[in-house]
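Protein chains in written order, with the working numbering: chain Z, 1 to 205; chain Y, 1 to 398; chain C, 1 to 210; chain E, 1 to 385; chain R, 1 to 213. Ideal Cβ positions, reconstructed from N, Cα and C, are used throughout, including at glycine. None of the values given here were measured: they were computed from a predicted structure. Written below as structure tokens is the structure these notes are about.
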């Protein structure tokens, strides 16, 4: 038995050595900057803010409800609410974040902010090449750096984004229907009011 | 083959020798011998330093391939400029000397190590007629110079004033001295057979052929055993895995050169590899026929190419072993040296004597093999010291 | 074996011990046994060696800090007010001492049952923080008791090597106590919240801006 | 069990007073290549023989428990990932189990299956890496470690496509799991599991019968059965000493009672047994994985009644433990009815297993210390928390 | 040398280079990291040197266990206050030129554990950091990306002039104060020579209570 185990081991490494020239299993290196691993739907790294349409400020879905700030385990989100309102993703007038900072030097990529967000406004990005030599300026991301279009979201998480889009579309339709109903009702009311006033006017005359 | 072809082959074989003569011949006679020596020294230093560079890349790439990855492949074509970058960096890196260290000894240690390693090359015939000095006690000189390495190592370990480096140096000394004995004893069989201590005449003896087969000493039972024992001892002498205890990374950080940085560290690295080349080259000289071709019909390939081919082969085996085996423990290493290596080398001396006095034939082979194999098995059993190292079977609970 | 039977077993075998079952209202139903420190080692040895239990595996040792509470109660007392005896309502504040508690979770590797939970309390949180160490009974408590000593300040008598384990030796406080005040290093807080926000603001004023 | 009322304490032989001048005090760590993180051992050497050894902890004490007490129940979940950072999913499970006990939450069947699958994959990759690191400590220039990481990457790919992260999965939730298995995941997992036996064969070929490995590990760091139990050692280290205790069998948490698997037990309690028990456990994990991947039912993955936000369990306390790859991992929670746990305690298997380190090492060489430490399998994130 | 001339020469088979280029080329292609891991990120650092990602391709797989021989310190993981003095000491023991990559949230700022009493809020309080990689933990690719960022940074460094790297400035320190253990915190709690935090705009408006739940 003396030496047998050593020879077995040597045979194994030799097999791997020669195998690395023929088999993909035995040469598993992905040469990173040129080659990349296939994209994974669920992958996550840092959060970003989704906006619809062209204008990142107008289309931002975030309504600054502070839920993510509150729930973030390492407390790396900082939000300040606006004083005025703008229509949100489904069309209701809502507040929007005046300041939305994420300190990615603290973020632990746990995606709890995404889980708790009721507005599908914050999602996880997959980009990871963020190395920088300036910690203070480079790793405190403000609203502008965080904002990414919905198209980008669709690109990195296609399945999830489709579901979100569908839900939002439904919501939007509802709101629109509601708004329409409200508008109709309002119009009717105005019409009725107008009619009644005219009647009144008529009677006055 | 025509005579002119023989001449042409011979000319290619001797191209370095003749060009050296030509270069020197114009000089005044009193400078000729010294300048030819300087030329040879420069050649040896350059060639083996280059071999060191190539070996580091080969090692890193080879280990990489064994481990399912590429290894260095970005710096220069296929990563072959990697050692150049490492060299530039090492040269320009700050040289730190610990405040408490013995400054002079700390400085001398790596220099001595590299010098000792280079001195050993003086007697190694790297090709036909290509030896720096043909000492008639060449083998003795080789081992004498080789033991300077121990001194250098201990100087490094002691002068650094670091506990780990001292531990490493102590380990290194114990290991090197223990393995020097079997190393020398394993080579004595060759000296017995060749009747000479001169490396040149040892190679010359092996550079003849019966039919196509060469007369290498490795093709005899005692020669083979001697070669195996010599190589094991050489691995230990050059601190290579699985005997790399003095620098055992996982135990004592980097061993005796833990406090060395920059170019001195590079010198240690160089010295270590040069030591490995030197002992491998000695093994080639003693057992593998030096620069002689393995078959008589291959003698047209220049002799120095054969020498380096054999050297690279041995280096590759070293790398292969390094990629596979875990390290031994100190006490196991020592008991291996004294309880297995030493008796086996002594026995091998006896077997070589038996071989010499028995008539040629199959009987001689069988007797010698039996004389070697049976004690080897017995000794390896006794090495385990009653502890039964065995593959075990396990019980399972539901 | 229910906790009640364990209690009566212990009472029968360790004379003079005082035991109390602490019930646990949560759905886990893991009730525990409060033991008195004076008999703790005897009880522990009994639990470890007695045949029906054989709790040979002390899995978990936990320190819990129960700081003193300010209990304010309204008391009606008679008092002379302007020479007239009147019944006056007065708020009387009492400060309870609080205590440190050590919880042991015991299992049996041999019989594969558990957990049996033991609790011990110190008398207060300042000086009388001595408890007997159960390390002589279960070696597994060694590091965990050291940790409780380090982080909570319970002194375990009879522990073979009671030193700080996680914090450095010169450290002064017991940081897991609930009233521990963290060192102030809020120089750079881009996303501060709550008390951190307060302290970050203080830093700004300290640093002479705004 | 010893008859004495004392815990087993193997007192090192007191060496002669005149030896002391020869002793060398060496501090191994906190930065040392094979202390598996920032761990320090103050070693007293006589030559190369260990006379005394004191572990020093706290170099990675990052206040996990204190932070968790200021964090909501859900907010602590990602922190548990970072306890034993090789095995985030088993940590998740142990914590989720403790909260489920505390609040009395039921877990749907499919979620239980997913938990078992992820936990066994975790166990497999942990043991593979451990064996790699162990041989690395023995000086095997990384080759076995590379092979182990090659297989680990396959498992991490599975984790990433399921949970989104390679290491810090943050996957389990109170009453189930966060997301359902993506399409094709089961097939991918089956393919990976099917490729693992070949890897194990290779691994055994490479090392199991290697004479150097046997000489380095057999008879080194022998841990007796009685001492192991008394010192609270758990996991493969305990079973290598021949104690048949596995929380998966003893507690039958989750749905482990549905799977037929065996517990490998060592006899000698030395480093080689600890190494081999892990190899065999990996094979058993594969059996569980095959069954679980075959039987996994459809259905919901999370109890719909549990809230993500504003989770406030009633006052009370709960202790739950599981068989994590490193050993018996427990979580002890005390609730005072608020949204943060009043007390949050982790029972770290790595820390308790280290209790025996000094006794295992005394009398051995420096080189054995790293091997023994490697075979105990510690992760500093869990030891110091 | 003129760029055009150089490219012209290269076409002719002559590679012209300056001392600066050679120096930077050598430094950037031989970054030997210190074999030093702190926490979770260390596992990803190991993974980056393993077969799948193979940092060896850049010549950066020679993990030296002794700080004397290392060029690059990858601070991979949470630096606790108990560990911080050793990290600084290790940095001081490294030979110039030396670089620091602060890998992962914890090493940059204390990360998720910054609320802890024993966690140092960023190793850059004591030693100068060259490259920061956010992420918890950063993927192995991110570490390789940071390595390439560092290589580019080295490549741009001039040997002379005011922009020359720190180790070529005679009066710049190469050793930094090793903090000592105090009764509650490290002493000093930061090294003002290395670390100057900017003031962040902390709003003084009480927005914190609005919109919760």
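Inset, instruction - Would you kindly check if the distance between the Cβ of residue 133 (chain R) and the Cβ of residue 28 (chain R) is under 7 Å? - result: no
Legend entry - Beta-carbon proximity of residue 57 (chain Y) to residue 77 (chain Y), cut-off 7 Å: no
Legend entry - Rounded separation between residue 397 (chain Y) and residue 71 (chain E) - CA only: 41 Å
Legend entry - Residues of the region 98-115 of chain Z whose Cβ lies closer than 9 Å to any Cβ of chain E, in chain order: 108, 109, 110, 111, 112 and 115
Inset, instruction - Measure the CB-CB distance between residue 223 (chain E) and residue 120 (chain E) and report whether it falls below 7 Å. - result: no
Inset, instruction - Let me know the secondary structure DSSP gives residue 184 (chain C) once reduced to three states. - result: coil
Legend entry - chain R within 7 Å of residue 364 (chain E), Cβ atoms only: no
Legend entry - Cutoff 7 Å: residue 63 (chain C) Cβ touching any chain R Cβ: no
Inset, instruction - Look up residue 46 (chain E) in the DSSP assignment and say whether it is helix, strand or coil. - result: strand
Inset, instruction - Please specify which runs of the alpha helix (DSSP H), each continuous and at least 4 residues long, are wholly inside the region 153-203 of chain E, giving them in chain order. - result: 185-203
Inset, instruction - Please confirm if the region 272-290 of chain Y is in contact with the region 117-129 of chain Y, defined as three or more CB-CB distances below 8 Å between the two stretches. - result: yes
Inset, instruction - Would you mind sorting residue 141 (chain R) into buried or exposed? The rule is 16 or more other CB atoms within 10 Å of its CB. - result: buried
Inset, instruction - For residue 325 (chain Y), collect the residues of the same chain with a Cβ closer than 7 Å to its Cβ; drop the 5 residues on either side in sequence, then sort them by chain order. - result: 241 and 242
Inset, instruction - Could you say if the region 137-151 of chain C and the region 181-191 of chain C meet the contact criterion of at least three C-beta pairs nearer than 8 Å? - result: no
Legend entry - The beta strand (DSSP E) enclosing residue 157 (chain Y), as first and last residue numbers: Where residue 157 (chain Y) is concerned, there is no enclosing beta strand (DSSP E), although the alpha helix (DSSP H) it sits in stretches over 148-159.
Legend entry - Cβ of residue 323 (chain Y) within 7 Å of any chain Z Cβ: yes
Legend entry - Same chain only: Cβ atoms within 6 Å of residue 350 (chain E), ignoring 5 sequence neighbours per side: 326, 378, 379, 382 and 383
Inset, instruction - Within the same chain, show all residues whose beta-carbon is closer than 7 Å to that of residue 187 (chain Y), passing over the 5 residues directly before and after it, in chain order. - result: 139, 230 and 286
Inset, instruction - At 8 Å on the CB atoms, spell out the chain E contacts of residue 58 (chain C), in chain order. - result: 232
Inset, instruction - Classify residue 272 (chain Y) as buried or exposed, calling it buried when 16 or more other Cβ atoms lie within 10 Å of its own Cβ. - result: buried
Legend entry - C-alpha gap between residue 127 (chain R) and residue 317 (chain Y), whole angstroms: 44 Å
Legend entry - C-beta contact flag for residue 75 (chain R) and residue 123 (chain R) at 7 Å: yes
Inset, instruction - Go to residue 25 (chain R), then tell me how far its beta strand (DSSP E) extends in each direction, as first and last residue. - result: It is not in any beta strand (DSSP E) - residue 25 (chain R) instead sits in the alpha helix (DSSP H) that spans 19-29.
Inset, instruction - Count the CB pairs spanning the region 151-158 of chain Y and the region 101-110 of chain Y that are closer than 8 Å, and state whether there are at least three. - result: yes
Inset, instruction - Indicate the three-state DSSP secondary structure (helix, strand or coil) for residue 212 (chain R) in the structure shown. - result: Annotation note: pLDDT 36 at residue 212 (chain R) (below 50); position unreliable, coordinate value reported separately. In the structure shown, residue 212 (chain R) sits in coil (DSSP, three-state: anything other than H, G, I, E or B).
Inset, instruction - Would you mind sorting residue 160 (chain E) into buried or exposed? The rule is 16 or more other CB atoms within 10 Å of its CB. - result: buried
Inset, instruction - Measure the beta-carbon distance from residue 48 (chain R) to residue 106 (chain Z) and round it to whole angstroms, keeping in mind my assumption that it falls under 8 Å. - result: Not a contact, Cβ separation roughly 22 Å.
Legend entry - Backbone CA spacing between residue 116 (chain R) and residue 78 (chain R) [nearest angstrom]: 11 Å
Legend entry - Presumed contact (8 Å Cβ cut-off) between residue 72 (chain Y) and residue 57 (chain R), rounded CB distance: 6 Å
Inset, instruction - Would you mind telling me which residues of chain Z sit closer than 7 Å to residue 193 (chain C), beta carbon to beta carbon, in chain order? - result: 75
Inset, instruction - Determine the extent of the alpha helix (DSSP H) in which residue 91 (chain E) is found, giving its start and end residues. - result: 88-103
Inset, instruction - Counting only the same chain and skipping the five closest in sequence on each side, list residues whose C-beta sits under 8 Å from that of residue 41 (chain Z). - result: 157, 158, 159 and 160
Inset, instruction - Return the bridge partner residues of residue 28 (chain E) from the DSSP annotation. - result: E:41
Inset, instruction - Closer than 8 Å by beta-carbon distance: list the chain E residues that pair up with residue 167 (chain C), in chain order. - result: 58 and 61
Inset, instruction - Spatial neighbours of residue 352 (chain E) within its chain, please: CB distance less than 6 Å, with the 5 preceding and 5 following residues excluded, ordered by chain position. - result: 232
Legend entry - Through-space distance from residue 102 (chain E) to residue 4 (chain E), alpha-carbon basis: With a pLDDT of only 38 at residue 4 (chain E), under 50, the local geometry of the prediction cannot be trusted, and the value read off the model is given with reservation. Distance between the alpha carbons of residue 4 (chain E) and residue 102 (chain E): 38 Å.
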